[in-house]
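The block underneath contains the structure these notes are about, expressed in structure tokens.
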Amino acid sequence: MMVRVAVCLLAVLAIFGSPALAQEQSKADVFAGYSLFRYNPATSGVKSWNMNGGSGSFAYNAKNWLGLVGDFGGYHNGNILSSGVSSNEYTYLFGPRISYRHYEKLTPFGQILFGGAHVTASFAGTSTSDSAFAWGLGGGVDAKINTRFSVRLGQFDYLMTRFNEGAGGSSQNNLRFSTGVIIHF
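Here the sequence shown is numbered in our numbering, starting from 1 and rising by one per residue.
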């Protein structure tokens, strides 16, 4: 008799306990923050430059460890390499994120994202723009404040863009660092 009661209790816990545990993880996360974008041109002899801006992302957490991410960023430099050229770059990337949620306060993650980039540049009243394929590989660490908010301590990404630079090549190997706030839903 005691064994039957124990088995019934375990069955009830298995049926109703699992959804309760699954609800502890938010179904969606929204990130907004500052980004430092290090643009590295493919043209030999041209130095890299920094662009400041912001990033935002939306993640749907399909599983405790798997999220589907949309990542968007905008970056600006008003005087590239003291040349008087002003430039903006925008990225829009999508893909999977793997998170390790076994620590109480910290969540490390890694992601691979694919999408595009758009760049505008202006000098002395003339401007140009271009769009290209882009992809990124990176990761970071989030620190939990409470059930509703976290802080992204740091996210580092390698971002490759494919803007045609003429004879110089067409692959820019860029870096991005981001930090900011996450809201859990």
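Using N, Cα and C, we set each Cβ at its ideal position, and we do this for glycine too.
If you draw a straight line from the alpha carbon of S178 to that of F123, how long is it in whole angstroms?
-> Numbered from 1 along the sequence shown, position 178 holds the residue referred to as residue 178. Numbered from 1 along the sequence shown, position 123 holds the residue referred to as residue 123. Straight-line spacing of the CA atoms in S178 and F123 works out to 28 Å.
From the DSSP output, in three-state form, read off S86 for me.
-> Translated into positions along the sequence shown, residue 86 becomes position 86. Note: S86 maps to strand in three-state DSSP.
Are three or more beta carbon pairs between the stretch 83-97 and the stretch 51-71 nearer than 8 Å?
-> Counting C-beta pairs with one atom in each stretch, the stretch 83-97 and the stretch 51-71 have three or more that are closer than 8 Å, which means they touch.
Starting from the C-beta of Q23, find all residues in its chain whose C-beta is less than 6 Å away, skip the five residues before and the five after it, and write them out in chain order.
-> As a position in the sequence shown, residue 23 is number 23, starting the count at 1. With a pLDDT of only 42 at Q23, under 50, the local geometry of the prediction cannot be trusted, and the value read off the model is given with reservation. Result list for Q23: empty, nothing under 6 Å.
Could you check the C-alpha separation between I182 and S99 for me, to the nearest Å?
-> Start at 1 with the first residue of the sequence shown, and residue 182 comes out as number 182. Start at 1 with the first residue of the sequence shown, and residue 99 comes out as number 99. Rounded to the nearest angstrom, the two C-alpha atoms are 14 Å apart.
From F185 to G33, what does the alpha carbon distance come to, in whole angstroms?
-> Within the sequence shown, the letter at position 185 stands for residue 185. Within the sequence shown, the letter at position 33 stands for residue 33. If you take the alpha carbons of F185 and G33, they lie about 18 Å apart.
Tell me, to the nearest whole angstrom, how far the beta carbon of N174 is from that of N40; I am working on the premise that it is less than 8 Å.
-> Position 174 of the sequence shown, counted from the start, is the residue given in the question as residue 174. Position 40 of the sequence shown, counted from the start, is the residue given in the question as residue 40. About 5 Å separates the two Cβ atoms, so the contact holds.
Please classify S82: is it buried, with 16 or more other beta-carbons within 10 angstroms of its beta-carbon, or exposed?
-> One-based indexing of the sequence shown puts residue 82 at position 82. Classification for S82: exposed.
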